[in-house]
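Report on the structure given below.
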Amino acid sequence: MNTRTKRLMATLLAGTVMGGMPTAVLAQEVDETTAEAAQPAAQQPDIVRTIAVAGAQRLEPQTILSYIRLRPGDTYTQAVGDQVLKDLYATELFSNVSVRNDAGNVVITITENPVINRIILEGNDRIKNDKIIPEIRLAPRQIFTRSKVRADVARIIELYKRQGRFAATVEPQMVQLSQNRVDIVFEIDEGPKSKVRQINIIGNEQFSDSKLKGEMVTKTTGGLLAFLSSNTSYDPDRLAFDQQNLRTFYLTEGYADFRVVSAVAELTPDKEDFIITYVVEEGERYKFGDVKVDSQLRDFDGDAMASRLSIKTGDYYNAKTVEDTVEQMTDLAGTYGYAFADIRPDFKRNPEDLTMDVTFVLREAPRVYVERIDVNGNTLTQDKVVRREFRVAEGDAFNSLAIKRSEARIKSLGYFQENFEVTQVEGSAPDRVVLEANIEEQPTGELQLSAGFSSLEKFILAGSIRQKNFRGRGQTIGLSVNYSGYSKSAQVSFAEPYLFDRNISMGVDVYHRELDNDFFNRGVSTYEQATTGLSMRAGVPLSEYMSLIGSYTLNRENVSVAGDQLLDRDGDGIAECVSSRFICEAVGKRTASILGMTLSHDTLNNRFRPSSGSTISLTGEFAGLGGTVKYLRMRSRMGKYFDLGSGLIFSLNAEGGWIHALKDNPTPGFDDVRLTDRFFLGEPQFRGFDIRGVGPRIITRPYLDDDNDPTTPRVLQPLDEFIEGREDQRYADALGGRAYYLGRAEIEIPLGAGAREMGLRPSIWADVGSLFALDKPILRDNPNGVQSTTADGDPLYVELLYNDDGTPLINDNGTPDIPEDDFQSFNPLSTNEVDALGNPTNPVIPAASYFKETLYGDSIKPRVTVGIGVNWNSPFGPFRIDLSHALIKQEGDDTKTLSFNVGTQF
Numbered sequence: 000m001n002t003r004t005k006r007l008m009a010t011l012l013a014g015t016v017m018g019g020m021p022t023a024v025l026a027q028e029v030d031e032t033t034a035e036a037a038q039p040a041a042q043q044p045d046i047v048r049t050i051a052v053a054g055a056q057r058l059e060p061q062t063i064l065s066y067i068r069l070r071p072g073d074t075y076t077q078a079v080g081d082q083v084l085k086d087l088y089a090t091e092l093f094s095n096v097s098v099r100n101d102a103g104n105v106v107i108t109i110t111e112n113p114v115i116n117r118i119i120l121e122g123n124d125r126i127k128n129d130k131i132i133p134e135i136r137l138a139p140r141q142i143f144t145r146s147k148v149r150a151d152v153a154r155i156i157e158l159y160k161r162q163g164r165f166a167a168t169v170e171p172q173m174v175q176l177s178q179n180r181v182d183i184v185f186e187i188d189e190g191p192k193s194k195v196r197q198i199n200i201i202g203n204e205q206f207s208d209s210k211l212k213g214e215m216v217t218k219t220t221g222g223l224l225a226f227l228s229s230n231t232s233y234d235p236d237r238l239a240f241d242q243q244n245l246r247t248f249y250l251t252e253g254y255a256d257f258r259v260v261s262a263v264a265e266l267t268p269d270k271e272d273f274i275i276t277y278v279v280e281e282g283e284r285y286k287f288g289d290v291k292v293d294s295q296l297r298d299f300d301g302d303a304m305a306s307r308l309s310i311k312t313g314d315y316y317n318a319k320t321v322e323d324t325v326e327q328m329t330d331l332a333g334t335y336g337y338a339f340a341d342i343r344p345d346f347k348r349n350p351e352d353l354t355m356d357v358t359f360v361l362r363e364a365p366r367v368y369v370e371r372i373d374v375n376g377n378t379l380t381q382d383k384v385v386r387r388e389f390r391v392a393e394g395d396a397f398n399s400l401a402i403k404r405s406e407a408r409i410k411s412l413g414y415f416q417e418n419f420e421v422t423q424v425e426g427s428a429p430d431r432v433v434l435e436a437n438i439e440e441q442p443t444g445e446l447q448l449s450a451g452f453s454s455l456e457k458f459i460l461a462g463s464i465r466q467k468n469f470r471g472r473g474q475t476i477g478l479s480v481n482y483s484g485y486s487k488s489a490q491v492s493f494a495e496p497y498l499f500d501r502n503i504s505m506g507v508d509v510y511h512r513e514l515d516n517d518f519f520n521r522g523v524s525t526y527e528q529a530t531t532g533l534s535m536r537a538g539v540p541l542s543e544y545m546s547l548i549g550s551y552t553l554n555r556e557n558v559s560v561a562g563d564q565l566l567d568r569d570g571d572g573i574a575e576c577v578s579s580r581f582i583c584e585a586v587g588k589r590t591a592s593i594l595g596m597t598l599s600h601d602t603l604n605n606r607f608r609p610s611s612g613s614t615i616s617l618t619g620e621f622a623g624l625g626g627t628v629k630y631l632r633m634r635s636r637m638g639k640y641f642d643l644g645s646g647l648i649f650s651l652n653a654e655g656g657w658i659h660a661l662k663d664n665p666t667p668g669f670d671d672v673r674l675t676d677r678f679f680l681g682e683p684q685f686r687g688f689d690i691r692g693v694g695p696r697i698i699t700r701p702y703l704d705d706d707n708d709p710t711t712p713r714v715l716q717p718l719d720e721f722i723e724g725r726e727d728q729r730y731a732d733a734l735g736g737r738a739y740y741l742g743r744a745e746i747e748i749p750l751g752a753g754a755r756e757m758g759l760r761p762s763i764w765a766d767v768g769s770l771f772a773l774d775k776p777i778l779r780d781n782p783n784g785v786q787s788t789t790a791d792g793d794p795l796y797v798e799l800l801y802n803d804d805g806t807p808l809i810n811d812n813g814t815p816d817i818p819e820d821d822f823q824s825f826n827p828l829s830t831n832e833v834d835a836l837g838n839p840t841n842p843v844i845p846a847a848s849y850f851k852e853t854l855y856g857d858s859i860k861p862r863v864t865v866g867i868g869v870n871w872n873s874p875f876g877p878f879r880i881d882l883s884h885a886l887i888k889q890e891g892d893d894t895k896t897l898s899f900n901v902g903t904q905f
């Protein structure tokens, strides 16, 4: 750069600096002037002169202004403007709000939230709309707010979590409509059900993991029957319940210091399963120390009661035993009239010797009397129907056992809810109590049409109409019609439990029944039995649990055989029975006039599905009060039910019968008791055997000509070879017996909640029984066959055919050429023992006449079967299936492995 240029640049720079100085000074003077002018303005803020609302559509401006605290005349500041915004947003009525102040004229511009037109749920298959909609706060015609949407999303997700679906998601969508309306759509992704993959237990030393897991309700996936249980899904409430179950289990085993330190449920990263971990502290095991009773009730001696307690010093501590003892003592006090007895166990823990002293304190309480009995909730049932089942009356001393018995009797009526209980309310004085029967009436009328299929009767049709609480008086009236391949029946019945309001029961049945025994004995000659009758009964109680029932039955019976089993042998127009001689003996019409008496003792807690108690009955019947049938028959039945806890119900049932004829049978070789009056045993009474598959029976086996040589004796076909291939038909004449016994042992196994909801009730059972005591019949044995005869009884012969040279026609083996089964087609039949040439004729002996009758099954020796069964209240109706195996049977018995029955109602 040259010198001239440098001088020029320096001159310009100096000019620029010199020129800027006055400008900067001027700017500083102006800013100071402005600041001086602004100072008075800050000291004099705007006064609100007017407040206007812009953008309102549904809401009135005055309504909107009522939500804010700003009023004309107030001083407007930025903080005041912010408060206006906060007040309006807090109403959740607006989606956008702005405030503008124009020299005291405040303008509030709003955008209203839209109105909800409808709520739409999409993707919900597991939980239906009727379960979700009640949980949603939003509803049509309400104002849309985002906070409500968020709350509703949370509630829907919580619903799915209750079902164990922790992976469920909900996406709310808003569809804009005209007139500022919207549709709210909840798009639901239900996700898989979150299962419990694993349960870990830390700290348990005395009991194995499997033992403790068995005490829990929650189950892990992968078990053999896990698909039947709904307890494999995670449920926080179930987790808390399982902790309580662990505490209860350890307390019953003597670990009084046991505690659950922590219970943590961790969701796997895929949100499909949970892993639950329990940390427990078992503590020491205690035994019972001193066990005392401190009684402040005058009717109870503490020392005497303590000596009778089931708790003994030295036994391992058991909290359940303590609870049961308190309950037993409370019940005992209740029987003496102490309705509000206060019994509390006091515990003293002795860590030195690991014992637990228990003192049961019976606090002083007044004896209580029943002031009155109130029956509430009955609209159809008359008060007297409920009151007459109470075992206490107004004014009686309170008795807890009588109250429980009253509850059981009212439940057994079948008119009210299953969980019915008699509640106790304090009366007008401390020694008075009011008993309340708060009932919920259930439908007692039944109109039923059903169709089904069973292994016993094949296709079944049934229809019935019944009212168990007719006119609210407790009476039962019914009409039923049934049709199946085996039986047809129609019946009209009426029962009055309290005749003339006295404790006398009465009932009457009119019926017609037809049994087609050929349905079971296919391929064997059999019979049909038709019965028309009338049965009347009356009963009186002998005690609380014992009753006596008398009955009278008049039956008109007709036993007949099919037309092809009748034959007019002598041409006199009278057909004779040519079926089995044991069936022919029973053919005919008879009248039975039967007088009966039953003595029963019943302590069952429920007549329909008992879980505890017992029942026993003895019935005697005398036929001969007129009529043509005369016999004496005895029957006995008994049952005992045990509640084993945890849903296990064990039952023992037994029955037996005996019949004795009062009139001799004039025909030799036949029992004095008619075929249709004898006992029969098999399906469905005796599981594991076919219909009439147990007891005396005659099997007729043929003699076979194995070598096709008439000169050699025929061979009797072995029994197993004879039975083979005949499983689908009866191959014997079941004769029944004059005595039988039958016992059943069964345990009902509880399943998970899912199986219970499906109505599944499996059981394991064992049956034992026998049918016997038949007069030995005269049996036929024809190894040489039986020669045919004419109608007059003359033996039949067949004459040989001869060649032209006079020689007889013979077969290749040298025997006469005589067709064995159809003689008349080839040779003339005659009664002559020799023919015209003086040659001996051959007797006519049909092949079917070579047979032997053998009696099987008439033995008192027990038959034993075991099996498993399932009752299922299926969508098609009640279903029962049994899989059986005969452990012990007698030769000739007819076993059956699988039996089932299913029906449907519509």
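Numbering (numbering that gives the first Met the number 0), first residue to last: 0 to 905.
We put the beta carbon where it would ideally sit given N, CA and C, even for glycine.
From a predicted model like this one, the values you see are computed outputs, not experimental measurements.
Next on the checklist: Using a 10 Å radius around the Cβ and a threshold of 16 neighbouring Cβ atoms, would you call N468 buried or exposed?
Outcome noted: buried
Next on the checklist: For I274, list the residues DSSP reports as bridge partners.
Outcome noted: Q197, E265
Checklist entry - If you draw a straight line from the alpha carbon of P133 to that of D151, how long is it in whole angstroms? => result 10 angstroms
Checklist entry - Which one or two residues does DSSP pair with K291 in a beta bridge? => result T358
Checklist entry - By DSSP, does R140 sit in helix, in strand, or in coil? => result coil
Checklist entry - Who are the Cβ neighbours of D642 in its own chain at under 7 angstroms, not counting the five residues just before and after it? => result S610, S611, I648
Item to check | Nearest candidate by alpha-carbon position, reference N116, set D182, K85, L137 | outcome: D182
Item to check | Euclidean distance between Cα positions of A591 and A537 | outcome: 20 angstroms
Next on the checklist: Less than 8 angstroms between the beta carbons of I142 and V52, yes or no?
Outcome noted: no
Next on the checklist: Taking contact to mean 3 or more Cβ pairs, one atom from each stretch, closer than 8 angstroms, check whether the region 383-398 and the region 363-370 are in contact.
Outcome noted: yes
Checklist entry - Between which two residues does the alpha helix (DSSP H) carrying L344 extend? => result The sequence given here places Pro at residue 344; Leu does not occur at that position. That residue, P344, is in no alpha helix (DSSP H); its beta strand (DSSP E) goes 341-349.
Checklist entry - Based on the DSSP secondary-structure assignment, which residues constitute the bridge partners of Y482? => result L460, K487
Next on the checklist: Can you tell me which residues form a DSSP beta bridge with V843?
Outcome noted: Note: V843 sits in no beta bridge, so no partner.
Checklist entry - Helix, strand or coil: how does DSSP classify V523 here? => result Note that V523 scores a pLDDT of 48, beneath 50, so its modelled location is shaky and nothing firm can be said.
Item to check | DSSP state of N783 mapped onto helix, strand, coil | outcome: coil
Next on the checklist: In whole angstroms, give me the CA-to-CA distance for R99 and E59.
Outcome noted: 19 angstroms
Item to check | Host beta strand (DSSP E) of G301 (start-end) | outcome: Per DSSP, G301 belongs to no beta strand (DSSP E); it is in the alpha helix (DSSP H), 301-307.
Checklist entry - Leaving out the 5 sequence neighbours to the left and right, which residues in its chain are closer than 8 angstroms to F685 when beta-carbon positions are compared? => result G692, V693, L741, D766, G768, R862, T864
Checklist entry - What residue from L296, G735, K775 has the CA that sits closest to I342's CA? => result L296
Item to check | Neighbour-count burial assignment, D676, 16 or more Cβ in a 10 Å radius | outcome: buried
Checklist entry - So I880 packs on G868, CB below 8 angstroms; how close in whole Å? => result 7 angstroms
Item to check | Cut-off 8 angstroms between Cβ atoms - residues of its own chain near D793, not counting five sequence neighbours on either side | outcome: T830
Checklist entry - Where DSSP assigns a beta bridge to G619, which residues make up the other side? => result M596, M633
Checklist entry - So, helix, strand or coil for S546, using DSSP? => result strand
Next on the checklist: Given this structure, state the Cα-to-Cα distance separating V321 from I310, to the nearest angstrom.
Outcome noted: 8 angstroms
Item to check | Cβ-heavy atom distance, L87 to the ligand NAD, below 7 angstroms | outcome: Among the components modelled here there is no ligand, and therefore nothing to report on the ligand NAD.
Item to check | Minimum C-alpha distance to T443 - residue among N437, E417, G413 | outcome: G413
Checklist entry - Can you name, in chain order, every residue of its own chain whose Cβ lies under 8 angstroms from the Cβ of T666, other than the five neighbours on each side? => result E584
Item to check | Between the CA atoms of V421 and A153 - distance to the nearest angstrom | outcome: 42 angstroms
Checklist entry - Any chance the region 275-282 sits against the region 189-207, with 3 or more Cβ pairs inside 8 angstroms? => result yes
Checklist entry - Whose C-beta lies closer than 6 angstroms to the C-beta of R237 among residues of the same chain, with five residues either side of it excluded? => result V216, T217
Next on the checklist: Spatial neighbours of Q381 within its chain, please: C-beta separation below 7 angstroms, excluding the five flanking residues on both sides.
Outcome noted: G471, R472
Next on the checklist: Once DSSP output is grouped into helix, strand and coil, what is the label at S207?
Outcome noted: coil
Next on the checklist: For T378 and E91, I'd like the C-alpha separation in whole angstroms.
Outcome noted: 49 angstroms
Checklist entry - Nearest CA to the CA of R258: which residue from E271, G282, S616? => result G282
Next on the checklist: Quick check on the DSSP output: the beta strand (DSSP E) that includes K192 runs from which residue to which?
Outcome noted: It is not in any beta strand (DSSP E) - K192 carries neither H nor E in the DSSP assignment.
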